[in-house]
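Residue numbers (our numbering), protein chains in the order written: chain A, 1 to 438; chain B, 1 to 438. Data block below; observations after.
There are 2 protein chains.
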Amino acid sequence: MDGTGTSVTVGLLGLGTVGSGVARILLDQAERISRRSGRRVDVKWALVRDPERPRPGPLPFERITTDVGQILDDPEVTIIVEVMGGIRPTLDYLLEALAKGKDVVTANKALLAEHGTELFAQARRFGRSITFEASVAGGIPIVQAIGQGLAANQVQGLAAIVNGTCNFILTAMTRDGLPYAQALAKAQELGYAEADPTLDVDGTDTAHKLAILAQLAFGATVVTSQIPRQGIDRLLLADIAYATELGYAVKLLALAKLSSAGLELRVAPTLVRRGTPLAEVSGPYNAVRVVGDAVGDTFFYGQGAGSLPTASAVVADIIDVVIGRAGLSFRAMNLWSENGSSPRLASSEQVRSRYYNRFMIADRPGVIAAISRVLGDHGISIASLIQHDPGDDSPPDSPVPLVLLTHLAVEAHLIAALREIDRLDVVHPPSICLGVEE
Amino acid sequence: MDGTGTSVTVGLLGLGTVGSGVARILLDQAERISRRSGRRVDVKWALVRDPERPRPGPLPFERITTDVGQILDDPEVTIIVEVMGGIRPTLDYLLEALAKGKDVVTANKALLAEHGTELFAQARRFGRSITFEASVAGGIPIVQAIGQGLAANQVQGLAAIVNGTCNFILTAMTRDGLPYAQALAKAQELGYAEADPTLDVDGTDTAHKLAILAQLAFGATVVTSQIPRQGIDRLLLADIAYATELGYAVKLLALAKLSSAGLELRVAPTLVRRGTPLAEVSGPYNAVRVVGDAVGDTFFYGQGAGSLPTASAVVADIIDVVIGRAGLSFRAMNLWSENGSSPRLASSEQVRSRYYNRFMIADRPGVIAAISRVLGDHGISIASLIQHDPGDDSPPDSPVPLVLLTHLAVEAHLIAALREIDRLDVVHPPSICLGVEE
Chain A
1 MDGTGTSVTV
11 GLLGLGTVGS
21 GVARILLDQA
31 ERISRRSGRR
41 VDVKWALVRD
51 PERPRPGPLP
61 FERITTDVGQ
71 ILDDPEVTII
81 VEVMGGIRPT
91 LDYLLEALAK
101 GKDVVTANKA
111 LLAEHGTELF
121 AQARRFGRSI
131 TFEASVAGGI
141 PIVQAIGQGL
151 AANQVQGLAA
161 IVNGTCNFIL
171 TAMTRDGLPY
181 AQALAKAQEL
191 GYAEADPTLD
201 VDGTDTAHKL
211 AILAQLAFGA
221 TVVTSQIPRQ
231 GIDRLLLADI
241 AYATELGYAV
251 KLLALAKLSS
261 AGLELRVAPT
271 LVRRGTPLAE
281 VSGPYNAVRV
291 VGDAVGDTFF
301 YGQGAGSLPT
311 ASAVVADIID
321 VVIGRAGLSF
331 RAMNLWSENG
341 SSPRLASSEQ
351 VRSRYYNRFM
361 IADRPGVIAA
371 ISRVLGDHGI
381 SIASLIQHDP
391 GDDSPPDSPV
401 PLVLLTHLAV
411 EAHLIAALRE
421 IDRLDVVHPP
431 SICLGVEE
Chain B
1 MDGTGTSVTV
11 GLLGLGTVGS
21 GVARILLDQA
31 ERISRRSGRR
41 VDVKWALVRD
51 PERPRPGPLP
61 FERITTDVGQ
71 ILDDPEVTII
81 VEVMGGIRPT
91 LDYLLEALAK
101 GKDVVTANKA
111 LLAEHGTELF
121 AQARRFGRSI
131 TFEASVAGGI
141 PIVQAIGQGL
151 AANQVQGLAA
161 IVNGTCNFIL
171 TAMTRDGLPY
181 AQALAKAQEL
191 GYAEADPTLD
201 VDGTDTAHKL
211 AILAQLAFGA
221 TVVTSQIPRQ
231 GIDRLLLADI
241 AYATELGYAV
251 KLLALAKLSS
261 AGLELRVAPT
271 LVRRGTPLAE
281 VSGPYNAVRV
291 VGDAVGDTFF
301 YGQGAGSLPT
311 ASAVVADIID
321 VVIGRAGLSF
331 RAMNLWSENG
341 SSPRLASSEQ
351 VRSRYYNRFM
361 IADRPGVIAA
371 ISRVLGDHGI
381 SIASLIQHDP
391 GDDSPPDSPV
401 PLVLLTHLAV
411 EAHLIAALRE
421 IDRLDVVHPP
431 SICLGVEE
């Protein structure tokens, strides 16, 4: 391709962190993008909310607009790049863009997780494509890897660190011994956490991304509310220390496993065996482990957020649209299809794992016996147990932690046992229970 | 896609480890492949050398042939999958297949490294495509990641473990303390090394893969002989132990770095800082680290060889051809182009690195002073130095190892210094010099 074909015109919805990165690559690297896509790619418009805000980016002032109609009604614009986020009015804009014959590139995981079916149906109706490489794990080309590179496989399982905020906080707790609140404050100070970090630390953002991965890898159409999730905000520094002592790192994982019991999906802080690639992912980085029936174990790692890493994924999608690959992939993959056969979800009666449990117990004889008896009654056996001498400095009668690692156990049985244990008068609820990945 | 379109017919050249894996996936997973590619994919022929050899694979006897003409002249066959290896007669078969309008999927790294320009010119002449995901790092979709997923980036550097045999041997030397010869024997016993392992352990196979990666990431057309390479066969167990002591693992790396000095390419055992993802890749696994100007650091990991992992990559390419993506990518990427602008290669005058050096020296006063003087004369400064007491068991007058880690040094200066040091009468050549990656 010589780049001398007609040009392609892009309209950007949003000019924040990611949008300005996209504009920067498309403008500063215009020659490279034209060489790789075969056509010149122009940014004609960028939609913003506040036109007065100073924007040091590369886009000239006259291309910035607050009027979405100016972009959606412009017949020259054939690709809409959505990097504004949010559900409303974003969904309406994209439905309209598709109806007007424009292809959509989006980084919006919440929108796909909640409205994937509606958006993809609209794209099929109007013969357009939606690409979304930037919506999961930023710069890591994981959407393409699962959808194309591993297309010969049935994915059997995946485990992913896809929230950089949580991984930064957990790394700071592990390496620097900071308690949760201080680690969060440090993440906010360094720009790795929002002022309101709720959707990150409670696991919602990770669940959005897992909903997208589940669609890609298993054809499973799930909404976020169907994914059991647990955040990192209840973890104590002690849990991190015990995990370290047992040979594990604690990571907030998006987990998916396909078995005869169905598809198991969950988001939860999880003990990951040290020395395995996932355990060593630190700071704001993201990583995805994918196990396929032919390829075996694979692992993908990179920056999950940030202006240029995320823009790298968005621009790769734009190139795919311009070349024509995006349309072919969109039709072949048939994602969020109304007539797809979504696998059934596994119930907690069928899920089996090893578990880490931390109880706060009264420091007196017989407590360990009482707890092990309840576990035994539910068919759960203990693999290791830690209780440290609280030392002379500890006030008398203050509860002390007891940590148990179980052998493989049925989750429903463990939940029943924990409910019973939390009712013992020598136990101070709530107890913490985390899954273990070897 | 409903899989009810006309079928696509594949001819396999080769039915060894990889070929039988490809046949197995295409036959056993026919429904999956048809769903993902939109058409049924049939294997009509497989070319073998010895038709008498028992083949427990899934392919019926009547589809196995020793006559390549039966495949190449069959107009029903539209995709040739080359998994026979070798340069001749493979090159002729593929040139003829392309001339007859067939698309080519190949796993043959040596052929691409040595004859990429000829093959790709032929494909362009006849409007066909060549795909080669399986040629580098087996099951890891790295060709697609660099060519498409990271297409918004200028790759600035890459470091890859792409020879499972060498990585298995180095892991066995590190973890089990086996000397090189025993580690190699163990690799052969477990099927991770060929009876004649020369092309693996001397770095040639890694150089073939680096030539392909250099084409993909930098548009650099190089043949294997242009890539400086050093094998693992001269490494002593002591080198591994010293590296461990200094905080490094020794890995056979394919290295590429783009700088103002040009493109630096090399294959060499290299000290890799422990705790970084590459250092933790063990056994027969492969991994590729890619640094892009937008995306930053990325890392891809998986099985680099074996029947099904490699077949996973081959079948992904077949799906790409059937969907039509392969043709679009082939034209857009314009690889091994006769009018491409290959970057110039950096000379050793311009290459700078930190280096590990091991000298065998006479155990007597003044030797360290003599060696440091030579290094100092060439502007090379020492970062750390190890010499262990040889102990009373060591025979008197036997040479003892001296290990030096340098600060950043110009390679040409170090080579000159080492030449001078090897001539000192207190030094027993040859000395070992390895690069260091932080």
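Even glycine gets a Cβ: it sits at the ideal position worked out from N, Cα and C.
DSSP three-state assignment for residue i, whether helix, strand or coil
i	result
HIS407 of chain A	coil
MET360 of chain A	strand
HIS441 of chain B	Because chain B in this structure spans residues 1 to 438, residue 441 of chain B falls outside the shown range and cannot be described.
LEU12 of chain B	strand
LEU59 of chain B	coil
THR65 of chain B	strand
ALA256 of chain B	strand
ILE371 of chain A	helix
ILE33 of chain A	helix
VAL436 of chain A	strand
GLU264 of chain B	strand
LEU216 of chain B	helix
ILE25 of chain B	helix
ILE386 of chain A	strand
ASP2 of chain A	Low confidence applies here, because ASP2 of chain A scores a pLDDT of 43, under 50, leaving its location unreliable; read the following figure in that light. Of the three classes helix, strand and coil, the one that applies to ASP2 of chain A here is coil, per DSSP.
PRO277 of chain A	helix
LEU414 of chain A	helix
GLU52 of chain B	coil
LEU237 of chain A	helix
GLY19 of chain A	helix
ALA211 of chain A	helix
THR221 of chain B	coil
LEU150 of chain B	coil
Residues that DSSP places opposite residue i in a beta bridge
i	result
LYS251 of chain A	A:THR270
LEU402 of chain B	B:PHE359
VAL155 of chain A	A:GLY292
VAL43 of chain B	B:VAL10
ARG229 of chain A	A:VAL267
ILE161 of chain B	B:ALA287
Exposure of residue i, with buried meaning 16 or more beta-carbon neighbours within 10 Å
i	result
GLY138 of chain A	buried
HIS115 of chain B	buried
SER225 of chain B	exposed
ARG49 of chain B	exposed
GLY304 of chain A	buried
GLY203 of chain B	buried
VAL208 of chain A	The sequence shown places His at residue 208 of chain A, rather than the Val named in the question. HIS208 of chain A comes out buried.
PHE300 of chain A	buried
ASP2 of chain A	Confidence in ASP2 of chain A is poor, its pLDDT being 43 and thus under 50, which makes the residue's placement too unreliable to answer from.
PRO421 of chain B	Per the sequence shown, residue 421 of chain B should be read as Ile rather than Pro. Result: buried.
ARG274 of chain A	exposed
Residue i Cβ short of 7 Å to the ligand MN heavy atom set
i	result
PHE61 of chain A	Among the components of this structure there are no ligands whatsoever, and the ligand MN is therefore not found.
For the pair the stretch 325 to 340 of chain B and the stretch 338 to 358 of chain A, tell me if three or more CB-CB distances fall below 8 Å. The count of Cβ pairs closer than 8 Å, one atom from the stretch 325 to 340 of chain B and one from the stretch 338 to 358 of chain A, stays below three, leaving the stretches out of contact.
Worksheet item: Are at least three pairs of beta-carbons, each pair with one atom in the stretch 121 to 134 of chain B and one in the stretch 190 to 207 of chain B, less than 8 Å apart?
Response: Fewer than three pairs of CB atoms, one per stretch, sit closer than 8 Å, so the stretch 121 to 134 of chain B makes no contact with the stretch 190 to 207 of chain B.
In chain order, each beta strand (DSSP E) run of at least 3 residues that lies wholly inside the stretch 280 to 360 of chain A: If we require 3 residues or more, the beta strand (DSSP E) runs fully inside the stretch 280 to 360 of chain A come out as 285 to 292 and 296 to 303.
Where are the beta strand (DSSP E) runs, 3 residues long or more, that stay fully inside the stretch 73 to 145 of chain A, in chain order?
Counting only runs of at least 3 residues, the stretch 73 to 145 of chain A fully encloses the following beta strand (DSSP E) elements, listed from N- to C-terminal order: 77 to 82 and 103 to 106.
Cβ pair count under 8 Å reaching 3, the stretch 276 to 287 of chain A against the stretch 148 to 166 of chain A
Short answer: they touch.
Exercise. Does the stretch 408 to 426 of chain B touch the stretch 368 to 380 of chain B, meaning 3 or more C-beta pairs lie closer than 8 Å?
Worked result: Two segments are said to touch when three or more pairs of C-beta atoms, one from each, lie closer than 8 Å; by this definition the stretch 368 to 380 of chain B touches the stretch 408 to 426 of chain B.
Continuous alpha helix (DSSP H) assignments of at least 4 residues falling wholly in the stretch 164 to 205 of chain A:
164 to 176, 180 to 189 and 198 to 201, all fully within the stretch 164 to 205 of chain A.
At least 3 beta-carbon pairs within less than 8 Å: the stretch 366 to 373 of chain B vs the stretch 326 to 333 of chain B | By the criterion of at least three beta-carbon pairs nearer than 8 Å, the stretch 366 to 373 of chain B is not in contact with the stretch 326 to 333 of chain B.
Original post:
Touching or not, the stretch 16 to 29 of chain B and the stretch 75 to 89 of chain B, by the rule of three or more beta carbon pairs under 8 Å?
Top reply: By the Cβ criterion, the stretch 16 to 29 of chain B is in contact with the stretch 75 to 89 of chain B, since at least three pairs of Cβ atoms, one from each stretch, lie closer than 8 Å.
| For the 8 Å Cβ check, are there 3 or more pairs between the stretch 211 to 221 of chain B and the stretch 354 to 364 of chain B? | The answer is no - the stretch 354 to 364 of chain B does not touch the stretch 211 to 221 of chain B, with fewer than three Cβ pairs under 8 Å.
Q) For the stretch 177 to 185 of chain A against the stretch 166 to 178 of chain B, are there 3 or more C-beta pairs whose distance is under 8 Å? A) The way I'd put it, the stretch 177 to 185 of chain A doesn't touch the stretch 166 to 178 of chain B; fewer than three beta-carbon pairs between them come closer than 8 Å.
Does the contact criterion of 3 or more C-beta pairs under 8 Å hold for the stretch 141 to 151 of chain B versus the stretch 245 to 252 of chain B?
They do not touch, by the three-pair rule.
Is the stretch 82 to 100 of chain B in contact with the stretch 56 to 65 of chain B, if contact means three or more CB pairs nearer than 8 Å?
Because the criterion of three Cβ pairs below 8 Å is not met, the stretch 82 to 100 of chain B and the stretch 56 to 65 of chain B do not touch.
Original post:
Does the count of Cβ pairs from the stretch 5 to 13 of chain B and the stretch 39 to 47 of chain B closer than 8 Å reach three?
Top reply: Short answer: they touch.
For the stretch 416 to 435 of chain A against the stretch 100 to 119 of chain A, are there 3 or more C-beta pairs whose distance is under 8 Å? No, the stretch 416 to 435 of chain A is not in contact with the stretch 100 to 119 of chain A.
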